[in-house]
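Going left to right, the sequence shown walks through residues 18 to 252 as the working numbering numbers them.
C-beta: ideal position from N, C-alpha, C; glycine also.
All remarks here apply to the structure that follows.
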Amino acid sequence: MTKTICSDISRRQLLGAMAAAGATIGAWSLTGCSSRNEGAPAQDSSPETTQPEGDGSTSEPETTTTPAETPAETQASGKTLVAVFSWSGNTLAMANRVVEDLQGQAELFRIEPATPYTTDYDEMLQIAQDEQAAGTMPAIASTVPNWDEYTTVYIGFPTWWGHLPQIVKSFLAEHDCSGKVVYPFNTHAGSGFASCLSDLAEACPNADIREGLSLMGESISSSTAEIDDWVSKNA
Ligand SMILES: Cc1cc2nc3c(=O)[nH]c(=O)nc-3n(C[C@H](O)[C@H](O)[C@H](O)COP(=O)(O)O)c2cc1C
């Protein structure tokens, strides 16, 4: 259903726009479809999840450090939610592992557009680019019941054109993260978080955003140890 992100046209489109946006492109532009993720387990060349890209990268898993003004003692103690937007399954696979690691302590919520996105890769590229350019906030299909009961939110998303997908911004506009502890996680095809974290900080300025984890989309099935480590550090 989807085309590979190694498609020349798609790659050129993304590279041009990402460069124009000043996004961190890294090895995304330099490598072919083989992949290596230094410091991480070997890449799985036949990922279990559907994904649009078979792109390679030499980038290490990206973590972000929480500002010093968010001490560990502010860690919230209420319910935990794992909210994820995933178009082609990679970030959902990561989210499922996070939920598993949290051993029954977290619920999964899928962020979905009210009007389903196309399943065509090239169309999706264009739609996402148009949404970003216009600042469109697509309606979300559903909201989280009892949102106020959650004090910790893991939020997962793919990098889209170097940014947080607009649908995730829509979700955050309807779910106030003020005072909540937020752990971002992400899959990508070479850019890492790029500008996603600054977008996230802008979308939820009063949240306590902690260290995130960004992994190559194609490596999720071979990166469970990194996910496990990250979740255990957060506990
Ligand atoms: C619309 C669109 C834009 C994308 N833009 C980027 C990008 O800027 N940088 C990048 O590394 N990967 C980009 N990708 C690849 C995805 O981030 C990557 O395949 C991710 O693992 C997909 O996650 P998902 O399966 O949860 O949707 C893009 C993919 C799509 C469909």
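- Per the C-alpha coordinates, the member of 103, 102, 113, 94 positioned closest to residue 240 is 113.
- In this chain, the alpha helix (DSSP H) harbouring residue 114 covers 107-118.
- The beta carbon of residue 186 sits closer than 8 Å to the beta carbons of 154, 216, 220 from its chain, once the five residues preceding and following it are set aside; these are given in chain order.
- In the displayed model, residue 236 falls within a helix according to three-state DSSP.
- In this structure, residue 138 has its CB closer than 7 Å to one or more heavy atoms of ligand 1.
- Residues of the same chain with a CB within less than 6 Å of the CB of residue 244, apart from the 5 flanking positions on each side, are 114 in chain order.
- Residue 124 carries a strand assignment under DSSP once its states are collapsed to helix, strand and coil.
- Counted as a single uninterrupted DSSP element, the alpha helix (DSSP H) harbouring residue 214 occupies residues 213-220.
- For residue 142, the uninterrupted alpha helix (DSSP H) run begins and ends at 138-151, by DSSP.
- In terms of side-chain proximity, the C-beta atom of residue 211 is found nearer than 7 Å to a non-hydrogen atom of ligand 1.
- Two segments are said to touch when three or more pairs of C-beta atoms, one from each, lie closer than 8 Å; by this definition the stretch 136-145 does not touch the stretch 221-240.
- For residue 161, the secondary structure class from DSSP, reduced to helix, strand or coil, is coil.
- Each of 169, 152, 204, 214 was checked against the Cα of residue 97, and the nearest Cα belongs to 169.
- The residues 97, 248, in chain order, have a CB closer than 7 Å to that of residue 119 in the same chain once the five nearest residues on each side in sequence are set aside.
- Here residue 245 carries a helix assignment [DSSP, helix/strand/coil].
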